[in-house]
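Numbering (this note's numbering), first residue to last: 55 to 235.
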């Protein structure tokens, strides 16, 4: 992540303020991580629910096929199962924590060759705090983008599920109306 030059101003602030900026940035990242974990749990619970529904629909479809009288309704059940599995896949795509930025700092980032400017002994801590503030700001922005992306997948899964239920319910009614039951 690139250093944001706006954070050069942090170098001139008193040490206590620099510490508070870093503390609040890390607290913000930690809160984002907790929120992302909760979102992952919702997505996994939703995906599990959808997979259970799809399994029941497939079982029902096979039971209907065995009767040899309700093939059309069995086809509707299979179609519903496939669309429910697609919804589950969208939900599972919402669970991708690997690109999430975490609080803290990798020790290798403290090596002088990784600093934006060569450290000057009398201002090294101020420079480090400015660079850390910039890094935290970048991570918070990246996490926001990532959370928006995963949120869209979960919403897509739910919207697709609702549309699927409506579509396959209409199909089941249509099949029942034209069938010789």
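In this text, a Cβ means the ideal position worked out from N, Cα and C, and glycines have one as well.
The model shown is predicted, which means the values in this text are computed figures rather than measured ones.
Beta-carbon separation (whole angstroms), residue i vs residue j, contact threshold 8 Å
i	j	result
residue 65	residue 184	5 Å
residue 237	residue 91	As shown, the chain starts at 55 and ends at 235. That puts residue 237 outside it, with no answer to give.
residue 240	residue 140	No answer is possible for residue 240: it lies beyond the span of the chain, which begins at 55 and ends at 235.
residue 70	residue 101	46 Å between Cβ atoms; not a contact.
residue 180	residue 72	7 Å
residue 87	residue 157	7 Å
C-beta atoms of residue i and residue j nearer than 8 Å
i	j	result
residue 211	residue 108	no
residue 149	residue 97	yes
residue 138	residue 57	no
residue 193	residue 67	no
residue 223	residue 93	no
Backbone secondary structure at residue i - three-state DSSP
i	result
residue 124	coil
residue 66	helix
residue 207	helix
residue 165	coil
residue 133	helix
residue 73	helix
residue 170	coil
residue 159	coil
residue 116	helix
residue 233	coil
residue 154	coil
residue 56	coil
residue 224	helix
residue 101	helix
residue 219	helix
residue 184	helix
- prompt: Do the stretch 203–213 and the stretch 124–131 make contact, defined as three or more Cβ pairs closer than 8 Å?
  reply: no
message: Count Cβ pairs between the stretch 75–93 and the stretch 188–201 that sit closer than 8 Å; are there 3 or more?
response: yes
query: Does the pairing of the stretch 106–121 with the stretch 132–149 give three or more beta-carbon distances under 8 Å?
result: A contact is defined here as three or more CB-CB pairs under 8 Å, and the stretch 106–121 meets this definition with respect to the stretch 132–149.
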